[in-house]
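Chemist: Pasting a structure here, questions to come.
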Amino acid sequence: MKTIRINSLNELPDVARAVIETIDDRSVVIFRGEMGAGKTTLIREIVTQLGATDTVTSPTFAIVNQYQGATDRRIYHFDFYRLEDLREAYDFGYEEYFYSGEICLVEWPERIEPLLPEDVITVHITVEDETKRTFEID
-6 MKTIRINSLN
4 ELPDVARAVI
14 ETIDDRSVVI
24 FRGEMGAGKT
34 TLIREIVTQL
44 GATDTVTSPT
54 FAIVNQYQGA
64 TDRRIYHFDF
74 YRLEDLREAY
84 DFGYEEYFYS
94 GEICLVEWPE
104 RIEPLLPEDV
114 ITVHITVEDE
124 TKRTFEID
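Residue 91 in the numbering used here sits at position 98 of the sequence shown, and the numbers go up by one each step.
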């Protein structure tokens, strides 16, 4: 496990690089943290560093947004906050994404816990104060 503490958003690129370095055959990255912890902000930085030029927004209502980075691997950004039950994940075909080998960045994984692959990368974000955060990457 790697722990990174930051004092401002200016240090977020370092966290994004550390997360990207962990992505290999394990292509599903889950982000845990309270509302407002910075999950979407970190994902935006990761997607940007992976070479996507699209505007990165939270897919709260769409559930998933797709981006193309600088490589052949697509990037999928999920937000399961509004998911009512697991059937909704089955309905949109979650397994086609999670087992595709593409990069999947998942907010609110608690909503679909039983459906997650066993070998996910976990990023836990702890809010220390308004600008300070601790990131645990495992």
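Note that the Cβ used here is the ideal one computed from N, Cα and C, for glycine as well.
Predicted model only: the values in this text are computed from it and were never measured.
#1: Are the stretch 110 to 119 and the stretch 18 to 33 touching by the rule of at least three beta carbon pairs closer than 8 Å?
#2: Name the DSSP bridge partner or partners of D72?
#3: Is the beta carbon of I56 closer than 9 Å to that of D78?
#4: Indicate whether the contact test is met: 3 or more Cβ pairs, each with one atom in the stretch 89 to 96 and one in the stretch 61 to 76, closer than 8 Å.
#5: Less than 8 Å separating the Cβ of Y69 from some heavy atom of the ligand FMN?
#6: Opposite V22 in the DSSP bridges: which residues?
#7: Can you tell me the Cβ-Cβ gap for L76 and E38, rounded? I've got them flagged as a contact below 8 Å.
#8: Can you tell me whether DSSP reads Y60 as helix, strand or coil?
#9: Go through its chain and collect everything with a Cβ distance to P107's Cβ below 8 Å, but skip five positions before and after it.
#10: Per DSSP, which one or two residues make a beta bridge with I130?
Modeler: This is what the structure gives:
#1: yes
#2: E100
#3: no
#4: yes
#5: Among the components modelled here there is no ligand, and therefore nothing to report on the ligand FMN.
#6: L98, I114
#7: Not quite, the Cβ-Cβ distance comes to about 24 Å (not below 8 Å), so this is no contact.
#8: strand
#9: L79
#10: K(-5), V116
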